[in-house]
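Trainee: In our numbering, each number is its position in the sequence shown, counted from 1, plus 30. For every residue, glycine included, the Cβ atom is placed at its ideal position computed from N, Cα and C.
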Amino acid sequence: MNIFTKRIAERGERGRIKELIETVNNNKEHLLNLDSGTLFDELLVILRPGRTTTLLLDDLADVKDLNQKYDGVKKGAHIYIQLKELSPDSNKYPELKILWKKDYETAIEIVKSLESSSHYYVIMKNLLEKVELTAFCKGGDRRARWKLDPIHPEYAEEKGCYGVAAKLMYFILDILEGDLRSKNITQFNTELEKCKEICKSEFNEREIAFISQLLPKSVCPMCLERLELVDFFRNGRNDPKAIVFGHYEYRGARTGDVHIGKNAFWIHRTCNSIQGIYTIEEIINLLNTMVGKHKQLTIDWEKRG
Ligand SMILES: [Zn+2]
């Protein structure tokens, strides 16, 4: 179902935008006026890490220093540096992408503020792909989970994968609804409700009851902070607010199939690593005990040496 219509970039538009985002922060006002899917595409390049390691630096002078010292090349808003020593575990020269934190933050701010159908089209196209890969495929490649060897840790039954896709998509639609509401955009409400109903057709009765009493729905289940569309595009390596696929029950548990709808949600990367091998309730209890103990005994780490 296509709610937002695609818009083809005008001739030369991409080139003009590329020039402006060489320094996102300096051209912020210009960029804020260019509300299009093409702009969003280009901003994604800044936010997401590629195969190279992305470093966000607070100080622009440090970015410039590294650029000079390591003979970097400017590519859009990033400085690309290829190291001269081969990586020990491969035959490739390690590559670094250096980015000024202020440019990263401005890109996030612009993405958050956009309001056109064409940019929502790009967002939803990207998120649908993310849901598809997460729900149906083994991490790292596009092999269907139900075609893997049943003893593979990422094996799942086909039916379970559809349940996961429907649940993850439902949460995204809810976040999208909140975003549109905050911008007073109401013309897509009916279509959104229809899409949510399609997702619900994959839920069992208990899931439907659980979802309908869950308010607000679009929160990280660990820190209970509200999730936003832009959070799905944050840099996974540098940004603690980046979002990953989470499980209520630890996926390594191997006690039956955990890749099913009722077990699936979106969670901050940081919160996911805190959750570890526990369920949300188990880890909250553990943390609660720890915090209690820290109130009774304080270690002065300043004196550690
Ligand atoms: Zn969180």
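Look at V161 and A186 and say whether their C-beta atoms are less than 8 Å apart.
Mentor: For the purposes of this step, residue 161 is taken as the residue at position 131 of the sequence shown. For the purposes of this step, residue 186 is taken as the residue at position 156 of the sequence shown. Cβ atoms of V161 and A186: not closer than 8 Å.
Trainee: Check whether the Cβ of H298 lies closer than 7 Å to any heavy atom of ligand 1, and answer yes or no.
Mentor: On the sequence shown, residue 298 is found 268 positions in, with the first residue counted as 1. Under cutoff, so the answer is yes.
Trainee: With a floor of 3 residues, list each beta strand (DSSP E) that falls wholly inside the stretch 231 to 316, ordered by position along the chain.
Mentor: For the stretch 231 to 316, whole beta strand (DSSP E) runs of length 3 or above, ordered along the chain, are 273 to 277, 294 to 298.
Trainee: Short check: CB of L126 to CB of T68, under 8 Å?
Mentor: Reading the sequence shown from its first residue, position 96 is the one you call residue 126. Reading the sequence shown from its first residue, position 38 is the one you call residue 68. Not in contact: L126 and T68 (Cβ atoms no closer than 8 Å).
Trainee: Span of the beta strand (DSSP E) holding L85?
Mentor: The residue you call residue 85 lines up with position 55 of the sequence shown. From DSSP, the beta strand (DSSP E) with L85 extends over 83 to 87.
Trainee: Quick check on the DSSP output: the alpha helix (DSSP H) that includes Q98 runs from which residue to which?
Mentor: As a working note, residue 98 is residue 68 in the sequence shown. Taken as a continuous stretch (DSSP letters only), the alpha helix (DSSP H) holding Q98 covers 90 to 99.
Trainee: Using a Cβ-Cβ cutoff of less than 8 Å, which residues in the same chain neighbour D101 once the five nearest sequence positions on both sides are dropped?
Mentor: The residue given as residue 101 occupies position 71 in the sequence shown. Cβ within range, chain order: I111.
Trainee: According to the neighbour-count rule (16 or more other Cβ atoms, all chains shown, within 10 Å of its Cβ), is W130 buried or exposed?
Mentor: Taking the sequence shown and counting its residues from 1, the one referred to as residue 130 is at position 100. The residue is buried, with at least 16 neighbouring Cβ atoms inside 10 Å.
Trainee: Would you check whether ligand 1 has a heavy atom nearer than 7 Å to the C-beta of M252?
Mentor: The residue labelled residue 252 in the question sits at position 222 within the sequence shown. Yes, ligand 1 has a heavy atom inside 7 Å of this Cβ.
Trainee: Is the beta carbon of E311 within less than 7 Å of some heavy atom of ligand 1?
Mentor: The count along the sequence shown starts at 1 and reaches residue 311 at position 281. Checking every heavy atom of ligand 1 against the Cβ of E311, none is found closer than 7 Å.
Trainee: Flag this pair as touching only if the stretch 232 to 240 and the stretch 290 to 298 have three or more C-beta atom pairs under 8 Å; answer yes or no.
Mentor: As far as the Cβ criterion goes, the stretch 232 to 240 touches the stretch 290 to 298, which means the pair count is three or higher.
Trainee: Going by DSSP, name the residue or residues bridged to E125.
Mentor: For the purposes of this step, residue 125 is taken as residue 95 along the sequence shown, with counting starting at 1. Per DSSP, Q112.
Trainee: Could you check the C-alpha separation between L163 and I329 for me, to the nearest Å?
Mentor: Along the sequence shown, one-based indexing puts residue 163 at 133. Along the sequence shown, one-based indexing puts residue 329 at 299. C-alpha separation (whole angstroms): 44 Å.
Trainee: Report the three-state DSSP secondary structure of V54 (helix, strand or coil).
Mentor: For the purposes of this step, residue 54 is identified with residue 24 of the sequence shown, where counting begins at 1. Note: V54 maps to coil in three-state DSSP.
Trainee: How close, in whole Å, do the beta carbons of S66 and S146 come, if the pair is a contact with beta carbons under 8 Å?
Mentor: Sequence index remark: in the sequence shown, residue 66 carries index 36 (1-based). Sequence index remark: in the sequence shown, residue 146 carries index 116 (1-based). That belief holds up - the Cβ atoms of S66 and S146 are roughly 6 Å apart, short of 8 Å.
Trainee: Give the straight-line distance between the Cα atoms of V152 and E43, rounded to the nearest whole angstrom.
Mentor: Within the sequence shown, residue 152 is the residue found at index 122, counting from 1. Within the sequence shown, residue 43 is the residue found at index 13, counting from 1. About 16 Å.
Trainee: Reducing DSSP to helix, strand and coil, say where K224 ends up.
Mentor: Within the sequence shown, numbered from 1, the residue matching residue 224 stands at position 194. Note: K224 maps to helix in three-state DSSP.
Trainee: Classify A174 as helix, strand or coil using the three-state DSSP reduction.
Mentor: Your numbering for residue 174 matches position 144 in the sequence shown. A174 falls in the strand class under three-state DSSP.
Trainee: Using beta-carbon positions only, say whether Y278 and I310 come within less than 8 Å of one another.
Mentor: On the sequence shown, residue 278 is found 248 positions in, with the first residue counted as 1. On the sequence shown, residue 310 is found 280 positions in, with the first residue counted as 1. Closer than 8 Å, so yes.
Trainee: Check whether the stretch 165 to 181 and the stretch 77 to 94 are in contact - that is, three or more C-beta pairs closer than 8 Å.
Mentor: The stretch 165 to 181, when compared against the stretch 77 to 94, does not touch it at the 8 Å Cβ threshold.
Trainee: When you compare only the Cα positions, how much space is there between G266 and T300?
Mentor: For this step, residue 266 is matched to residue 236 along the sequence shown. For this step, residue 300 is matched to residue 270 along the sequence shown. Going by the C-alpha atoms only, they are around 10 Å apart.
Trainee: Exposed or buried, which one is M320 when buried takes at least 16 other CB atoms within 10 Å?
Mentor: For the purposes of this step, residue 320 is identified with residue 290 of the sequence shown, where counting begins at 1. Label assigned to M320: exposed.
Trainee: Between L73, K122, I128, L178, which has its C-alpha nearest K99's C-alpha?
Mentor: Counting from one through the sequence shown, the residue named residue 99 turns up at place 69. Out of L73, K122, I128, L178, I128 has the C-alpha closest to the C-alpha of K99.
Trainee: State the DSSP-derived secondary structure class of K189, mapped to helix, strand or coil.
Mentor: The sequence position of residue 189 within the sequence shown is 159, counting from 1. Helix.
Trainee: Given this structure, state the Cα-to-Cα distance separating E139 from I76, to the nearest angstrom.
Mentor: By 1-based counting over the sequence shown, the position of residue 139 is 109. By 1-based counting over the sequence shown, the position of residue 76 is 46. If I take the Cα positions, the gap works out to 13 Å.
Trainee: Please go through the same chain and pick out, in chain order, the residues whose beta-carbon is closer than 7 Å to the beta-carbon of N219, but skip the five residues on each side of it.
Mentor: Looking up residue 219 in the sequence shown gives position 189. Once the five neighbours on either side are set aside, N219 has no close Cβ partner at all.
Trainee: Consider the C-beta atom of C301 and the heavy atoms of ligand 1; say whether any pair is separated by less than 7 Å.
Mentor: Position 271 of the sequence shown, counted from the start, is the residue given in the question as residue 301. Yes - ligand 1 has a heavy atom lying nearer than 7 Å to the Cβ of C301.
Trainee: Please list the terminal residues of the continuous alpha helix (DSSP H) segment that includes K104.
Mentor: Position 74 of the sequence shown, counted from the first residue, corresponds to residue 104. That residue, K104, is in no alpha helix (DSSP H); its beta strand (DSSP E) goes 103 to 105.
Trainee: Rounded to whole angstroms, what is the Cα-Cα separation between G193 and I228?
Mentor: Position 163 of the sequence shown, counted from the first residue, corresponds to residue 193. Position 198 of the sequence shown, counted from the first residue, corresponds to residue 228. Each residue's alpha carbon lies about 12 Å from the other.
Trainee: Exposed or buried, what is W296 when buried is set at 16 or more other beta-carbons lying within 10 Å of its beta-carbon?
Mentor: Here the question's residue 296 lines up with position 266 in the sequence shown. The residue is buried, with at least 16 neighbouring Cβ atoms inside 10 Å.
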